[in-house]
Amino acid sequence: MPTSELPPVIKLDRLTKVFVTDEVETHALEDINIEIGRGEYVSISGPSGCGKSTLLSILGLLDSPSKGSYALNGREVAELKAWERARVRNREIGFIFQSFNLIGDLSVFENVELPLTYRGMLPKERRQRVTEALERVGMAHRAKHLPSQLSGGQQQRVAVARAVAGEPVILLADEPTGNLDSKSGEAVMELLHELYMNGATICMVTHDPRYARHAERNIYLFDGRVVAEPPEELEISTRSEPRTSNHGPRTSNHEPRTSNLEPRTRNAEPGTRNCDLLIALRNLEKSYPAGAGRTYVLRRISLDIRHGEFVSIMGPSGAGKSSILHILGMHDADWQGDYHFLDTPVHRLKPKERVELHKRHIGFVFQSYHLLDNLTVYENLEVPLSYRDIARKERQAMVADVLDRFQIVGKKDLYPNQLSGGQQQLVGVARAVIANPQVILADEPTGNLHSAQGKEIMELFKKLNERGTTIVQVTHSEVNASYGSRVIHLRDGWIVDD
2 MPTSELPPVI KLDRLTKVFV TDEVETHALE DINIEIGRGE YVSISGPSGC
52 GKSTLLSILG LLDSPSKGSY ALNGREVAEL KAWERARVRN REIGFIFQSF
102 NLIGDLSVFE NVELPLTYRG MLPKERRQRV TEALERVGMA HRAKHLPSQL
152 SGGQQQRVAV ARAVAGEPVI LLADEPTGNL DSKSGEAVME LLHELYMNGA
202 TICMVTHDPR YARHAERNIY LFDGRVVAEP PEELEISTRS EPRTSNHGPR
252 TSNHEPRTSN LEPRTRNAEP GTRNCDLLIA LRNLEKSYPA GAGRTYVLRR
302 ISLDIRHGEF VSIMGPSGAG KSSILHILGM HDADWQGDYH FLDTPVHRLK
352 PKERVELHKR HIGFVFQSYH LLDNLTVYEN LEVPLSYRDI ARKERQAMVA
402 DVLDRFQIVG KKDLYPNQLS GGQQQLVGVA RAVIANPQVI LADEPTGNLH
452 SAQGKEIMEL FKKLNERGTT IVQVTHSEVN ASYGSRVIHL RDGWIVDD
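Each position in the sequence shown, counted from 1, maps to that position plus 1 in the working numbering.
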(Lines of atoms letter the chains of each structure in order from A and count residues from 1; the text may use other names and numbers.)
(Lines give C-alpha, C1' and ligand atoms only; values in the text may rest on other atoms or scores of the structure.)
Protein backbone atom coordinates (compact mmCIF):
# COMPACT_ATOMS: atom_id res chain seq x y z
CA MET A 1 0.00 0.00 0.00
CA PRO A 2 1.34 3.52 -0.77
CA THR A 3 2.58 5.63 2.10
CA SER A 4 0.99 9.04 1.50
CA GLU A 5 2.84 10.86 4.31
CA LEU A 6 6.17 10.60 2.47
CA PRO A 7 7.08 12.46 -0.76
CA PRO A 8 6.47 10.47 -3.96
CA VAL A 9 9.27 8.22 -5.11
CA ILE A 10 8.84 9.59 -8.64
CA LYS A 11 7.44 12.94 -9.70
CA LEU A 12 7.41 14.04 -13.33
CA ASP A 13 6.33 17.55 -14.26
CA ARG A 14 5.74 18.30 -17.98
CA LEU A 15 8.52 15.91 -18.94
CA THR A 16 9.29 15.89 -22.67
CA LYS A 17 11.76 13.91 -24.76
CA VAL A 18 12.59 14.99 -28.30
CA PHE A 19 14.99 13.21 -30.62
CA VAL A 20 16.51 15.68 -33.08
CA THR A 21 18.00 14.20 -36.23
CA ASP A 22 19.01 16.15 -39.31
CA GLU A 23 15.95 18.31 -40.09
CA VAL A 24 13.49 16.07 -38.24
CA GLU A 25 12.23 16.33 -34.65
CA THR A 26 10.60 13.23 -33.15
CA HIS A 27 8.60 13.78 -29.97
CA ALA A 28 8.95 10.51 -28.07
CA LEU A 29 7.34 11.94 -24.90
CA GLU A 30 5.35 15.13 -24.46
CA ASP A 31 4.17 16.89 -21.29
CA ILE A 32 4.21 13.81 -19.06
CA ASN A 33 2.88 14.44 -15.53
CA ILE A 34 3.11 11.39 -13.28
CA GLU A 35 3.51 10.76 -9.56
CA ILE A 36 4.32 7.32 -8.12
CA GLY A 37 3.94 7.05 -4.36
CA ARG A 38 5.99 4.91 -2.03
CA GLY A 39 4.61 1.37 -2.03
CA GLU A 40 2.59 1.75 -5.26
CA TYR A 41 2.44 -0.81 -8.06
CA VAL A 42 2.02 1.01 -11.38
CA SER A 43 1.88 -0.35 -14.91
CA ILE A 44 2.62 1.71 -18.03
CA SER A 45 0.83 0.35 -21.10
CA GLY A 46 0.39 1.34 -24.71
CA PRO A 47 0.93 0.14 -28.28
CA SER A 48 4.35 -0.28 -29.85
CA GLY A 49 6.20 3.00 -30.32
CA CYS A 50 4.12 4.97 -27.78
CA GLY A 51 7.13 5.91 -25.62
CA LYS A 52 6.94 3.27 -22.84
CA SER A 53 10.57 2.15 -22.96
CA THR A 54 11.81 5.71 -23.47
CA LEU A 55 9.98 6.76 -20.32
CA LEU A 56 11.39 3.82 -18.36
CA SER A 57 14.92 4.67 -19.53
CA ILE A 58 14.48 8.20 -18.19
CA LEU A 59 13.05 6.92 -14.90
CA GLY A 60 16.07 4.60 -14.59
CA LEU A 61 18.53 7.47 -15.27
CA LEU A 62 19.69 5.77 -18.45
CA ASP A 63 18.53 8.77 -20.49
CA SER A 64 17.68 12.41 -19.85
CA PRO A 65 14.56 14.39 -20.75
CA SER A 66 14.73 17.28 -23.20
CA LYS A 67 12.45 19.45 -21.03
CA GLY A 68 10.55 19.23 -17.80
CA SER A 69 11.33 18.07 -14.29
CA TYR A 70 12.06 14.64 -12.81
CA ALA A 71 12.37 14.28 -9.04
CA LEU A 72 13.46 10.88 -7.69
CA ASN A 73 12.99 10.30 -3.98
CA GLY A 74 12.70 14.06 -3.45
CA ARG A 75 15.82 15.08 -5.45
CA GLU A 76 15.89 16.79 -8.83
CA VAL A 77 17.65 14.42 -11.20
CA ALA A 78 18.84 17.29 -13.43
CA GLU A 79 20.97 18.58 -10.58
CA LEU A 80 22.88 15.32 -10.15
CA LYS A 81 26.39 14.97 -11.54
CA ALA A 82 27.25 11.97 -13.69
CA TRP A 83 28.87 10.03 -10.82
CA GLU A 84 25.91 10.83 -8.58
CA ARG A 85 23.48 9.48 -11.18
CA ALA A 86 25.51 6.26 -11.41
CA ARG A 87 25.46 5.95 -7.61
CA VAL A 88 21.70 6.51 -7.45
CA ARG A 89 21.13 3.91 -10.20
CA ASN A 90 23.13 1.36 -8.26
CA ARG A 91 21.68 2.05 -4.83
CA GLU A 92 18.11 3.22 -5.34
CA ILE A 93 16.85 1.60 -8.56
CA GLY A 94 16.37 -2.09 -9.28
CA PHE A 95 16.10 -3.08 -12.94
CA ILE A 96 14.29 -6.13 -14.33
CA PHE A 97 14.84 -6.57 -18.07
CA GLN A 98 12.84 -8.52 -20.64
CA SER A 99 15.95 -10.45 -21.75
CA PHE A 100 17.13 -11.15 -18.17
CA ASN A 101 20.65 -9.65 -18.79
CA LEU A 102 22.41 -12.31 -16.75
CA ILE A 103 26.13 -12.84 -17.32
CA GLY A 104 26.56 -16.28 -18.84
CA ASP A 105 29.87 -17.26 -17.24
CA LEU A 106 28.84 -16.22 -13.71
CA SER A 107 26.82 -18.45 -11.38
CA VAL A 108 23.37 -17.47 -10.13
CA PHE A 109 24.89 -16.36 -6.82
CA GLU A 110 27.59 -14.28 -8.56
CA ASN A 111 25.06 -12.61 -10.86
CA VAL A 112 22.96 -11.46 -7.90
CA GLU A 113 26.07 -10.43 -5.98
CA LEU A 114 27.62 -8.35 -8.77
CA PRO A 115 25.77 -5.03 -8.23
CA LEU A 116 26.56 -5.21 -4.52
CA THR A 117 30.30 -5.50 -5.17
CA TYR A 118 30.19 -2.13 -6.97
CA ARG A 119 28.96 -0.59 -3.72
CA GLY A 120 32.05 -1.70 -1.83
CA MET A 121 29.84 -3.81 0.46
CA LEU A 122 31.70 -6.22 2.76
CA PRO A 123 31.68 -9.89 1.65
CA LYS A 124 29.75 -11.08 4.71
CA GLU A 125 26.91 -8.59 4.11
CA ARG A 126 26.91 -9.39 0.38
CA ARG A 127 26.52 -13.10 1.05
CA GLN A 128 23.65 -12.46 3.45
CA ARG A 129 21.85 -10.13 1.02
CA VAL A 130 22.25 -12.54 -1.92
CA THR A 131 21.10 -15.56 0.09
CA GLU A 132 18.02 -13.73 1.34
CA ALA A 133 17.15 -12.47 -2.15
CA LEU A 134 17.46 -15.93 -3.71
CA GLU A 135 15.31 -17.41 -0.97
CA ARG A 136 12.62 -14.76 -1.61
CA VAL A 137 12.36 -15.79 -5.26
CA GLY A 138 12.67 -19.53 -4.58
CA MET A 139 16.04 -19.93 -6.31
CA ALA A 140 18.43 -20.58 -3.40
CA HIS A 141 18.79 -24.21 -4.50
CA ARG A 142 20.12 -23.02 -7.89
CA ALA A 143 22.79 -20.68 -6.49
CA LYS A 144 25.70 -22.55 -8.10
CA HIS A 145 24.06 -23.03 -11.49
CA LEU A 146 24.94 -21.04 -14.63
CA PRO A 147 22.17 -19.14 -16.48
CA SER A 148 22.34 -21.63 -19.36
CA GLN A 149 21.29 -24.37 -16.94
CA LEU A 150 18.04 -22.55 -16.08
CA SER A 151 14.69 -22.18 -17.83
CA GLY A 152 13.52 -18.73 -18.93
CA GLY A 153 11.24 -18.41 -15.91
CA GLN A 154 14.07 -19.34 -13.55
CA GLN A 155 16.43 -16.83 -15.20
CA GLN A 156 13.86 -14.08 -14.71
CA ARG A 157 13.50 -15.05 -11.03
CA VAL A 158 17.26 -14.64 -10.66
CA ALA A 159 16.98 -11.23 -12.38
CA VAL A 160 14.31 -10.24 -9.83
CA ALA A 161 16.59 -11.41 -7.00
CA ARG A 162 19.41 -9.28 -8.38
CA ALA A 163 17.09 -6.28 -8.54
CA VAL A 164 15.81 -6.62 -4.95
CA ALA A 165 19.09 -7.66 -3.25
CA GLY A 166 20.21 -4.04 -3.03
CA GLU A 167 16.92 -2.99 -1.36
CA PRO A 168 16.16 -0.31 -3.97
CA VAL A 169 13.67 2.53 -3.56
CA ILE A 170 11.86 1.39 -6.72
CA LEU A 171 11.79 -1.58 -9.06
CA LEU A 172 11.60 -0.78 -12.79
CA ALA A 173 10.45 -3.74 -14.88
CA ASP A 174 10.65 -3.54 -18.68
CA GLU A 175 8.37 -6.23 -20.19
CA PRO A 176 9.44 -8.72 -17.48
CA THR A 177 7.39 -11.53 -19.05
CA GLY A 178 8.26 -10.74 -22.66
CA ASN A 179 10.50 -13.78 -23.21
CA LEU A 180 8.46 -16.23 -21.13
CA ASP A 181 5.63 -18.65 -21.83
CA SER A 182 2.32 -17.86 -20.16
CA LYS A 183 2.86 -20.23 -17.20
CA SER A 184 6.32 -18.78 -16.41
CA GLY A 185 4.98 -15.27 -17.02
CA GLU A 186 2.19 -15.73 -14.49
CA ALA A 187 4.73 -17.07 -11.97
CA VAL A 188 6.88 -13.95 -12.36
CA MET A 189 3.81 -11.72 -12.04
CA GLU A 190 2.82 -13.50 -8.84
CA LEU A 191 6.35 -12.89 -7.54
CA LEU A 192 6.13 -9.16 -8.33
CA HIS A 193 2.75 -9.03 -6.59
CA GLU A 194 4.25 -10.70 -3.52
CA LEU A 195 7.07 -8.12 -3.46
CA TYR A 196 4.46 -5.36 -3.74
CA MET A 197 2.45 -6.78 -0.84
CA ASN A 198 5.65 -6.74 1.21
CA GLY A 199 6.13 -3.02 0.57
CA ALA A 200 8.05 -2.75 -2.72
CA THR A 201 7.40 0.16 -5.10
CA ILE A 202 7.09 -1.18 -8.66
CA CYS A 203 6.79 0.52 -12.05
CA MET A 204 6.28 -1.97 -14.88
CA VAL A 205 6.14 -1.43 -18.64
CA THR A 206 4.00 -3.96 -20.50
CA HIS A 207 2.01 -4.15 -23.72
CA ASP A 208 0.01 -7.09 -22.37
CA PRO A 209 -3.37 -6.17 -20.78
CA ARG A 210 -3.38 -9.45 -18.80
CA TYR A 211 -0.29 -8.41 -16.89
CA ALA A 212 -1.19 -4.72 -16.64
CA ARG A 213 -4.19 -5.77 -14.56
CA HIS A 214 -1.86 -7.10 -11.86
CA ALA A 215 -0.89 -3.52 -10.99
CA GLU A 216 -2.73 -1.25 -8.55
CA ARG A 217 -2.81 1.61 -11.06
CA ASN A 218 -2.56 1.70 -14.86
CA ILE A 219 -1.07 4.55 -16.88
CA TYR A 220 -1.76 4.55 -20.62
CA LEU A 221 0.51 6.13 -23.24
CA PHE A 222 -0.31 6.88 -26.84
CA ASP A 223 2.10 8.68 -29.19
CA GLY A 224 4.15 9.94 -26.27
CA ARG A 225 1.27 11.36 -24.21
CA VAL A 226 -0.59 10.10 -21.16
CA VAL A 227 -4.20 9.34 -22.11
CA ALA A 228 -7.16 8.74 -19.84
CA GLU A 229 -8.36 5.50 -21.46
CA PRO A 230 -6.45 2.56 -22.94
CA PRO A 231 -5.72 3.07 -26.66
CA GLU A 232 -8.19 1.28 -28.93
CA GLU A 233 -5.42 -1.06 -30.08
CA LEU A 234 -4.97 -2.40 -26.55
CA GLU A 235 -8.71 -2.94 -26.21
CA ILE A 236 -8.76 -4.83 -29.51
CA SER A 237 -5.89 -7.09 -28.46
CA THR A 238 -7.69 -7.92 -25.22
CA ARG A 239 -10.91 -8.82 -27.02
CA SER A 240 -9.33 -10.69 -29.90
CA GLU A 241 -7.03 -13.08 -28.09
CA PRO A 242 -7.47 -16.53 -29.63
CA ARG A 243 -9.68 -18.93 -27.72
CA THR A 244 -7.46 -20.81 -25.31
CA SER A 245 -9.77 -22.14 -22.64
CA ASN A 246 -8.76 -25.70 -23.50
CA HIS A 247 -5.06 -24.98 -23.60
CA GLY A 248 -3.21 -25.43 -20.34
CA PRO A 249 0.50 -25.67 -19.57
CA ARG A 250 2.80 -27.30 -22.09
CA THR A 251 2.65 -31.00 -21.37
CA SER A 252 3.06 -34.01 -23.59
CA ASN A 253 -0.71 -34.62 -23.75
CA HIS A 254 -1.55 -31.03 -24.68
CA GLU A 255 -3.14 -31.10 -28.14
CA PRO A 256 -4.10 -28.14 -30.35
CA ARG A 257 -6.93 -28.37 -32.81
CA THR A 258 -5.87 -31.12 -35.20
CA SER A 259 -6.84 -29.09 -38.23
CA ASN A 260 -3.87 -26.82 -37.59
CA LEU A 261 -1.51 -29.77 -38.07
CA GLU A 262 -2.77 -30.40 -41.57
CA PRO A 263 -0.76 -28.76 -44.35
CA ARG A 264 -2.55 -26.03 -46.20
CA THR A 265 -1.92 -27.76 -49.51
CA ARG A 266 -2.29 -31.44 -48.85
CA ASN A 267 -0.88 -32.54 -52.22
CA ALA A 268 2.28 -30.45 -51.72
CA GLU A 269 4.41 -32.78 -49.64
CA PRO A 270 7.93 -31.62 -48.74
CA GLY A 271 10.46 -33.00 -51.14
CA THR A 272 8.10 -32.82 -54.14
CA ARG A 273 8.41 -29.95 -56.54
CA ASN A 274 5.84 -27.19 -55.95
CA CYS A 275 6.87 -23.85 -57.44
CA ASP A 276 4.16 -22.06 -55.46
CA LEU A 277 5.37 -23.25 -52.04
CA LEU A 278 8.10 -21.17 -50.39
CA ILE A 279 8.17 -22.50 -46.80
CA ALA A 280 6.90 -25.81 -45.41
CA LEU A 281 7.19 -26.77 -41.73
CA ARG A 282 6.18 -30.19 -40.43
CA ASN A 283 6.04 -31.04 -36.72
CA LEU A 284 8.70 -28.47 -35.87
CA GLU A 285 9.57 -28.26 -32.17
CA LYS A 286 12.02 -26.26 -30.06
CA SER A 287 12.79 -26.98 -26.41
CA TYR A 288 15.51 -26.79 -23.80
CA PRO A 289 16.32 -28.84 -20.69
CA ALA A 290 14.55 -27.87 -17.44
CA GLY A 291 15.42 -30.05 -14.49
CA ALA A 292 14.48 -33.65 -15.23
CA GLY A 293 12.29 -32.67 -18.18
CA ARG A 294 12.15 -30.13 -20.99
CA THR A 295 10.46 -26.77 -21.50
CA TYR A 296 8.94 -26.37 -24.96
CA VAL A 297 9.13 -23.09 -26.85
CA LEU A 298 7.42 -24.44 -29.97
CA ARG A 299 5.22 -27.55 -30.28
CA ARG A 300 4.39 -29.51 -33.42
CA ILE A 301 4.34 -26.51 -35.75
CA SER A 302 3.08 -27.45 -39.23
CA LEU A 303 2.35 -24.75 -41.79
CA ASP A 304 2.89 -23.72 -45.40
CA ILE A 305 3.72 -20.24 -46.67
CA ARG A 306 3.32 -19.56 -50.38
CA HIS A 307 5.13 -17.17 -52.66
CA GLY A 308 3.54 -13.72 -52.48
CA GLU A 309 1.74 -14.18 -49.15
CA PHE A 310 1.77 -11.53 -46.40
CA VAL A 311 1.58 -13.48 -43.15
CA SER A 312 1.34 -12.06 -39.62
CA ILE A 313 2.29 -14.15 -36.59
CA MET A 314 0.56 -12.98 -33.42
CA GLY A 315 0.25 -14.06 -29.82
CA PRO A 316 0.92 -12.96 -26.23
CA SER A 317 4.43 -12.53 -24.81
CA GLY A 318 6.31 -15.81 -24.66
CA ALA A 319 4.09 -17.51 -27.25
CA GLY A 320 7.06 -18.43 -29.45
CA LYS A 321 6.61 -15.77 -32.16
CA SER A 322 10.20 -14.56 -32.37
CA SER A 323 11.51 -18.12 -31.95
CA ILE A 324 9.70 -19.31 -35.07
CA LEU A 325 10.82 -16.23 -37.02
CA HIS A 326 14.49 -16.86 -36.18
CA ILE A 327 14.12 -20.50 -37.19
CA LEU A 328 12.59 -19.41 -40.52
CA GLY A 329 15.49 -16.96 -40.91
CA MET A 330 18.01 -19.75 -40.17
CA HIS A 331 19.50 -17.84 -37.25
CA ASP A 332 18.59 -20.75 -34.96
CA ALA A 333 19.53 -24.37 -35.71
CA ASP A 334 18.57 -25.91 -32.34
CA TRP A 335 15.18 -27.43 -33.18
CA GLN A 336 13.60 -30.69 -34.33
CA GLY A 337 11.28 -31.43 -37.25
CA ASP A 338 11.23 -30.77 -41.00
CA TYR A 339 11.77 -27.36 -42.60
CA HIS A 340 11.76 -26.99 -46.38
CA PHE A 341 12.66 -23.64 -47.96
CA LEU A 342 12.36 -23.39 -51.75
CA ASP A 343 12.08 -27.19 -51.73
CA THR A 344 15.47 -27.43 -49.94
CA PRO A 345 15.46 -29.53 -46.74
CA VAL A 346 16.91 -27.02 -44.28
CA HIS A 347 16.90 -29.64 -41.51
CA ARG A 348 19.53 -31.62 -43.44
CA LEU A 349 21.85 -28.73 -44.32
CA LYS A 350 25.22 -28.09 -42.76
CA PRO A 351 25.70 -24.73 -40.95
CA LYS A 352 27.61 -23.16 -43.87
CA GLU A 353 24.92 -24.26 -46.31
CA ARG A 354 22.20 -22.68 -44.14
CA VAL A 355 24.14 -19.42 -43.98
CA GLU A 356 24.50 -19.38 -47.76
CA LEU A 357 20.77 -20.08 -48.27
CA HIS A 358 19.87 -17.32 -45.79
CA LYS A 359 22.16 -14.74 -47.41
CA ARG A 360 20.81 -15.41 -50.89
CA HIS A 361 17.10 -15.57 -50.23
CA ILE A 362 16.08 -13.95 -46.92
CA GLY A 363 15.90 -10.31 -45.84
CA PHE A 364 15.48 -9.47 -42.14
CA VAL A 365 13.92 -6.33 -40.62
CA PHE A 366 14.50 -5.90 -36.90
CA GLN A 367 12.58 -3.87 -34.32
CA SER A 368 15.77 -2.09 -33.21
CA TYR A 369 16.95 -1.46 -36.82
CA HIS A 370 20.38 -3.17 -36.41
CA LEU A 371 22.19 -0.57 -38.50
CA LEU A 372 25.96 -0.30 -38.04
CA ASP A 373 26.59 2.99 -36.26
CA ASN A 374 30.03 3.58 -37.78
CA LEU A 375 28.81 3.17 -41.36
CA THR A 376 26.85 5.67 -43.45
CA VAL A 377 23.43 4.89 -44.91
CA TYR A 378 25.10 4.07 -48.24
CA GLU A 379 27.59 1.72 -46.58
CA ASN A 380 24.88 0.02 -44.49
CA LEU A 381 22.93 -0.71 -47.68
CA GLU A 382 26.03 -2.11 -49.36
CA VAL A 383 26.80 -4.59 -46.54
CA PRO A 384 24.43 -7.42 -47.68
CA LEU A 385 25.82 -7.16 -51.22
CA SER A 386 29.41 -7.47 -50.02
CA TYR A 387 28.65 -11.06 -48.92
CA ARG A 388 27.93 -11.99 -52.52
CA ASP A 389 30.06 -12.31 -55.61
CA ILE A 390 28.82 -9.01 -57.09
CA ALA A 391 31.12 -6.67 -59.01
CA ARG A 392 31.66 -3.24 -57.45
CA LYS A 393 29.93 -1.35 -60.28
CA GLU A 394 26.88 -3.59 -60.01
CA ARG A 395 26.78 -3.07 -56.22
CA GLN A 396 26.93 0.68 -56.74
CA ALA A 397 24.06 0.50 -59.23
CA MET A 398 21.94 -1.60 -56.85
CA VAL A 399 22.53 0.80 -53.93
CA ALA A 400 21.73 3.80 -56.12
CA ASP A 401 18.51 2.11 -57.26
CA VAL A 402 17.28 1.36 -53.73
CA LEU A 403 18.22 4.85 -52.51
CA ASP A 404 16.03 6.24 -55.28
CA ARG A 405 13.15 3.76 -54.72
CA PHE A 406 12.99 4.58 -51.01
CA GLN A 407 13.57 8.32 -51.56
CA ILE A 408 16.57 8.48 -49.23
CA VAL A 409 19.22 9.71 -51.70
CA GLY A 410 19.70 12.83 -49.56
CA LYS A 411 20.49 10.66 -46.52
CA LYS A 412 23.15 8.45 -48.11
CA ASP A 413 26.12 10.11 -46.40
CA LEU A 414 24.50 10.38 -42.96
CA TYR A 415 25.14 8.04 -40.03
CA PRO A 416 22.31 6.20 -38.23
CA ASN A 417 22.46 8.53 -35.19
CA GLN A 418 21.67 11.43 -37.53
CA LEU A 419 18.35 9.84 -38.57
CA SER A 420 14.96 9.62 -36.87
CA GLY A 421 13.61 6.22 -35.84
CA GLY A 422 11.34 6.12 -38.88
CA GLN A 423 14.23 6.98 -41.21
CA GLN A 424 16.43 4.29 -39.62
CA GLN A 425 13.72 1.66 -40.13
CA LEU A 426 13.26 2.83 -43.71
CA VAL A 427 16.98 2.15 -44.24
CA GLY A 428 16.52 -1.20 -42.47
CA VAL A 429 13.76 -2.19 -44.91
CA ALA A 430 15.80 -0.94 -47.88
CA ARG A 431 18.75 -3.05 -46.73
CA ALA A 432 16.47 -6.10 -46.46
CA VAL A 433 15.15 -5.79 -50.03
CA ILE A 434 18.29 -4.60 -51.82
CA ALA A 435 19.33 -8.10 -52.89
CA ASN A 436 15.79 -9.04 -54.02
CA PRO A 437 15.16 -11.74 -51.39
CA GLN A 438 12.46 -14.40 -51.73
CA VAL A 439 11.02 -13.41 -48.36
CA ILE A 440 11.26 -10.58 -45.83
CA LEU A 441 11.05 -11.60 -42.17
CA ALA A 442 10.08 -8.67 -39.94
CA ASP A 443 10.29 -8.88 -36.13
CA GLU A 444 8.03 -6.14 -34.64
CA PRO A 445 9.10 -3.74 -37.43
CA THR A 446 7.18 -0.77 -35.97
CA GLY A 447 7.92 -1.54 -32.31
CA ASN A 448 10.19 1.49 -31.78
CA LEU A 449 8.19 3.90 -33.94
CA HIS A 450 5.36 6.39 -33.43
CA SER A 451 2.02 5.52 -34.99
CA ALA A 452 2.57 7.79 -38.03
CA GLN A 453 6.03 6.34 -38.67
CA GLY A 454 4.70 2.83 -38.13
CA LYS A 455 1.93 3.40 -40.66
CA GLU A 456 4.50 4.59 -43.22
CA ILE A 457 6.54 1.39 -42.77
CA MET A 458 3.46 -0.82 -43.01
CA GLU A 459 2.31 0.95 -46.18
CA LEU A 460 5.78 0.27 -47.58
CA PHE A 461 5.47 -3.45 -46.73
CA LYS A 462 2.08 -3.50 -48.42
CA LYS A 463 3.53 -2.04 -51.64
CA LEU A 464 6.44 -4.52 -51.58
CA ASN A 465 3.97 -7.38 -51.13
CA GLU A 466 1.78 -6.14 -53.99
CA ARG A 467 4.89 -6.28 -56.19
CA GLY A 468 5.41 -9.94 -55.31
CA THR A 469 7.62 -9.98 -52.19
CA THR A 470 6.63 -12.55 -49.58
CA ILE A 471 6.46 -11.05 -46.09
CA VAL A 472 6.25 -12.78 -42.72
CA GLN A 473 5.95 -10.42 -39.76
CA VAL A 474 5.76 -10.92 -36.00
CA THR A 475 3.54 -8.31 -34.40
CA HIS A 476 1.44 -7.53 -31.34
CA SER A 477 -0.57 -5.03 -33.36
CA GLU A 478 -3.98 -5.88 -34.83
CA VAL A 479 -3.58 -2.78 -37.01
CA ASN A 480 -0.30 -4.04 -38.49
CA ALA A 481 -1.73 -7.52 -38.95
CA SER A 482 -4.61 -6.06 -40.98
CA TYR A 483 -2.13 -5.12 -43.75
CA GLY A 484 -1.52 -8.81 -44.44
CA SER A 485 -3.59 -11.57 -46.03
CA ARG A 486 -3.32 -14.16 -43.25
CA VAL A 487 -2.88 -14.25 -39.48
CA ILE A 488 -1.38 -17.14 -37.49
CA HIS A 489 -2.03 -17.08 -33.73
CA LEU A 490 0.45 -18.75 -31.37
CA ARG A 491 -0.02 -19.47 -27.70
CA ASP A 492 2.48 -21.30 -25.49
CA GLY A 493 4.28 -22.56 -28.60
CA TRP A 494 1.19 -24.06 -30.30
CA ILE A 495 -0.63 -22.78 -33.37
CA VAL A 496 -4.12 -22.14 -32.02
CA ASP A 497 -5.64 -20.37 -35.02
CA ASP A 498 -4.70 -20.01 -38.69
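We put the beta carbon where it would ideally sit given N, CA and C, even for glycine.
Asked	Found
Close-in-space but distant-in-sequence residues of the same chain around residue 459 (CB under 7 Å, 5 per side omitted)	447, 481, 484
Exposure label - residue 352; buried when at least 16 CB within 10 Å	exposed
Beta-carbon contacts of residue 426 that lie in its chain and below 8 Å, excluding the five residues immediately before and after	366, 370, 446, 447, 449, 450, 454, 458
Test item: CB-CB of residue 434 and residue 364 under 7 Å	yes
Anticipated Cβ contact below 8 Å, residue 507 with residue 127, distance rounded	Coverage of the chain is limited to positions 2 through 499, which leaves residue 507 absent and any answer about it impossible.
Sequence-distant residues of its chain with Cβ nearer than 6 Å to residue 378 (five each side left out)	412, 413, 415, 428
Cut-off 7 Å between Cβ atoms - residues of its own chain near residue 309, not counting five sequence neighbours on either side	469, 471
Nearest-angstrom Cα separation, counted from residue 53 out to residue 90	19 Å
Opening and closing residue of the beta strand (DSSP E) in which residue 214 lies	Segment: none, residue 214 is in no beta strand (DSSP E) and carries neither H nor E.
Burial state of residue 306 (16 or more Cβ within 10 Å)	buried
Close-in-space but distant-in-sequence residues of the same chain around residue 96 (CB under 7 Å, 5 per side omitted)	61, 164, 173
Rounded straight-line distance, which links the Cα of residue 462 to that of residue 430	9 Å
Complete runs of the alpha helix (DSSP H) confined to the segment 26–83 [at least 4 residues]	53–60
CB of residue 316 within 7 Å of CB of residue 322, strictly	yes
One or two residues paired with residue 185 in a DSSP bridge	Beta-bridge pairing links residue 185 to no other residue.
Bounding residues of the alpha helix (DSSP H) (the contiguous stretch that carries residue 387)	378–387
Neighbour-count burial assignment, residue 83, 16 or more Cβ in a 10 Å radius	exposed
Residue 179 and residue 148 closer than 7 Å at C-beta	no
Runs of beta strand (DSSP E) wholly within the segment 277–316 (minimum 3 residues, chain order)	278–291, 294–307, 311–315
Through-space distance from residue 211 to residue 187, alpha-carbon basis	9 Å
Residue of 406, 219, 299, 441 minimising C-alpha distance to residue 361	441
Sheet register partners of residue 444 (DSSP bridge)	475
Cut-off 7 Å between Cβ atoms - residues of its own chain near residue 488, not counting five sequence neighbours on either side	313, 315, 482
Rounded C-alpha distance that separates residue 226 from residue 282	42 Å
C-beta atoms of residue 494 and residue 298 nearer than 7 Å	yes
Beta carbon proximity, residue 48 to chain C, threshold 7 Å	Reference to chain C is not applicable here, since this structure consists of a single protein chain.
Of the residues 466, 422, 456, the one placed nearest residue 437, counting alpha carbons only	466
Distance CB(residue 213)-CB(residue 44) smaller than 7 Å	yes
CB of residue 382 within 7 Å of CB of residue 400, strictly	yes
Three-way DSSP call (helix, strand, coil) for residue 346 in this model	strand
8 Å Cβ shell around residue 17 - same chain, five flanking residues per side excluded	28, 30, 31, 32, 33, 66, 67, 68, 69
Alpha helix (DSSP H) runs wholly inside the segment 131–182, at least 4 long, in chain order	153–166
Beta-carbon proximity check, residue 372 vs residue 417, cutoff 7 Å	yes
Extent of the continuous beta strand (DSSP E) run through residue 227	226–228
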